[in-house]
Amino acid sequence: MEDWSKYADIIDMEHPEPKTHPRMSAMSRAAQFGAFAALTGYDAMINETSRQVNEAGRDAQDEYFDEF
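Numbering (the working numbering), first residue to last: 590 to 657.
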């Protein structure tokens, strides 16, 4: 028996909708994750680190080929 076959009776059912309150809007749900904006500057730090690593790799490659 395959793992998914035990769910065959419910696999095509519709997702249940709440009856007592409306669904939260996508904008409201997204706002819940605003606290992660505390990582401001993290992308810039990652990009700078990547740039430095790539630059160091090019420098090492240039030194390697200069030997020939």
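We put the beta carbon where it would ideally sit given N, CA and C, even for glycine.
- Bounds of the alpha helix (DSSP H) holding SER617 are 615-620.
- C-alpha of TYR631 to C-alpha of ILE599: approximately 42 Å in a straight line.
- Cα atoms of PRO605 and ARG612: separation of roughly 11 Å, rounded to the nearest angstrom.
- In the displayed model, GLU637 falls within a helix according to three-state DSSP.
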